[in-house]
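A quick write-up on the structure given underneath.
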Amino acid sequence: MPSYRFVHAADLHLDSPFKGLRRVSPKIAEVLRRSTFDAFTAVIDLCITEQVDALLVAGDVFDSADRSLGAQLRFVDGLKRLESSGIRSFVCHGNHDPRDAWHSQVSFPDNCCRFGHTVTSSELRPGDPDSPVVYGYSYPTKEIRENVVPEFEQIVQPGRFSIGLLHANVGADTGHESYAPCTIDDLGKVGIRYWALGHVHTRQEISLPEGLAVYPGNTQGRHANETGARGVYLVTITENGSIESSFRPVDLVRWEHIEVDISDYEEMDPFEWEIAHQIDLALERSDGRHLVYRVHLSGRGPLHTLVNHQEYTEELSNRLNDDWSERSPFAYCDRVTATTRQDINRDDLVEREDFVGDLLRFFDQSRDNHGDTEDLLDGLKPLYENPRLRKYLSDSLPQGTELTALLDEAESICLDLLVGEESDEN
Ligand SMILES: [Mn+2]
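The numbering of the sequence shown is numbering that gives the first Met the number 0, which starts it at 0 and goes up by one.
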C-alpha cells in the first residue's frame, strides 16, 4: 500500500483566558491572549508544509467556560485553509466542546468529517481502496461517563489500517475528569492500530500489542502546571503498514518552574546571579519562544531571613521583570515563592547534652534502624487508622524512603520550633 500521513492534535482550548496571571503588561497580555490561536495557526501551517493527508483533532477545541464564538469561527477558518490545500480534517468533540455547545450555524468545510454521538467511520484518503479508515465519536453533551471503546469494536473493519479518534480518560488518570473512561487493555483489543486521543493535557505515548495510543497533549500550555513543550504528533503510516510518529512543538509561550536552593549561598549577589542563569537556561530550552516562569526558593541557609519575606519575593519578581519582560522573546516572572528555613548547624547541635541533642540522636537512630522502627510505627498507627485523616495519608504505614522523608521533615519542623526561638533571643 502507499504511505499516508496525518497530524494528530488535541485540546486546543482556543481563546483560553489565562487566569491567575497578575499585572502583566498590555504587550505580554496580548501575546498570551493570542497564543492558543497562534498555536493553532502553527498546526495548520505544519499540515500544509508537510503535505499531510489530514488533520485529526481529538476534542476540546475551545474552553467550556465561555464557548467563545471567536474560537469556533477561527477553528473552522483553519479547517477551510486546509480544504483549499486539499487536506481533509477529522474532528471529534470532548467535554469542553460537546456538540451541544457549538453554535449550530457555524459551518464546517465539506471535506471535514465531524463525528457524531455514535461511532462512525470515514476514509483518510477517500476513494483509495487501501486508505486507512478513521473511526470517531463525539460527546453529544458535557459529561460522558460510559466507556465508548466497545462501540468502536462493533464496526472496525478487519484488514484495513484503523485509526480511532476519541476524547477519553485512559487508565483512570486522576489529574483529569473521568469522562469516557477505559483501560489500556480495552484500547488494545479493538483492532485499532493508532488511537488519536485527547483529554489528558500532558503528552503521553502508550504502546499497545499491535499499535500505539497517543495523547499529544495540548497545543499551548495555559498555566503554571502545564510546563514544557506543547504540540502535536506528525504520523506516517509507511508502505509496509508500520507507524512512524514524532512530536512537533507548536506553542508560542512556555511555562517553567525554576527552583533555587539557598543553602549554597552566603551572599545575595551570587544567589541572584544563579537565578538569572536559570532564567537564561530556561529561555534556551524554550527554543526562541516566550517564557512565563515561577521561582521557588528552598533549603536552609544564611539568606533565609532576608529572602523569606513577602517584601523580598515581590521585589525580586518586579526586578526580574524590569530586566527580562521587555525583551524579545520575553521572560515573565509570574511569582516568587519561598519555603526556605533558617541556617542551623546540626553537627554542633547533635553533640549537645540537652533535649535538642537527645532529639537529634533519636532521629539519627530511627533513620539508621531500618528494620527496627516498631515503636515509631506504633505511634503512627492511630493516625493512619483514623477515618478522618486517612484521606490525607497513604493506605499503609510508611516504610523505607517514605519513612525517612517523614523523619527528615519532622526533624526540620522540630528544629525550627526549638532552635529558631533560641537564635531569635540571641
Ligand atoms: Mn482538554
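Backbone N, C-alpha and C fix where the C-beta goes; we use that ideal spot for every residue, glycine too.
Residues sharing a beta bridge with residue i, DSSP
i	result
LEU296	VAL259 and ALA337
LEU196	LEU165
THR226	Beta-bridge pairing links THR226 to no other residue.
LEU290	ARG253 and ALA330
ARG214	Sequence check: residue 214 is Tyr here, not Arg. Bridge partners of TYR214: GLN203.
ARG113	VAL90
TYR232	HIS7 and PHE246
PHE61	LEU13
CYS181	VAL169
GLY135	THR119 and LEU164
LEU55	HIS7 and PHE89
Residue i CB to nearest heavy atom of ligand 1 below 8 Å
i	result
ASP172	no
ASN346	According to the sequence shown, residue 346 is Asp rather than Asn. It does not: the Cβ of ASP346 is nowhere closer than 8 Å to a heavy atom of ligand 1.
HIS12	yes
ASN217	yes
HIS289	no
ASP59	yes
HIS200	yes
HIS116	no
HIS95	yes
GLY197	yes
Residue i vs residue j beta-carbon contact at 9 Å
i	j	result
GLY463	VAL42	Within the shown structure, residues of the chain are numbered from 0 to 425, placing residue 463 beyond reach of any answer.
TRP194	ILE162	yes
HIS295	VAL259	yes
ASP62	PHE36	no
ALA228	PRO215	no
CYS111	VAL90	yes
GLU410	LEU358	yes
PRO426	PRO97	The chain is shown from 0 up to 425; residue 426 falls before or after that span and cannot be answered.
ILE242	ALA212	no
ALA57	HIS7	yes
LYS380	LEU405	no
GLU152	ASN94	no
GLU145	ALA179	yes
VAL335	GLU313	yes
LEU165	GLY187	no
ARG159	PRO131	yes
LEU315	ILE278	no
SER24	SER324	yes
LEU81	ILE47	yes
ASN217	GLU225	yes
ASP129	PRO208	no
ILE27	GLN50	no
LEU282	PRO328	yes
TRP254	ALA223	yes
Distance between beta carbons of residue j and residue i, contact taken as under 8 Å
i	j	result
ARG4	ASP52	6 Å
LEU302	ILE261	5 Å
THR339	GLY300	7 Å
HIS198	ALA171	With a Cβ gap of about 12 Å, HIS198 and ALA171 do not count as contacting.
ASP10	ASP65	16 Å between Cβ atoms; not a contact.
VAL155	VAL189	6 Å
ARG221	PHE17	6 Å
LEU123	SER88	So it is not a contact: roughly 11 Å between Cβ atoms.
SER137	HIS116	6 Å
LEU305	TYR331	The pair is not a contact, with the Cβ atoms about 24 Å apart (cut-off 8 Å).
HIS256	TYR292	7 Å
ASP415	GLN341	7 Å
ASP333	ARG288	That pair is no contact at about 16 Å.
ALA337	ASN368	Actually they are not in contact, since the Cβ atoms of ALA337 and ASN368 sit about 34 Å apart, beyond 8 Å.
VAL355	LEU402	About 22 Å separates the two Cβ atoms, so there is no contact after all.
VAL147	VAL169	In fact, because the Cβ distance is near 12 Å, the residues do not count as touching under 8 Å.
ARG202	PHE246	7 Å
Residue-level contact to chain D via CB, residue i, 9 Å cutoff
i	result
ARG4	Reference to chain D is not applicable here, since this structure consists of a single protein chain.
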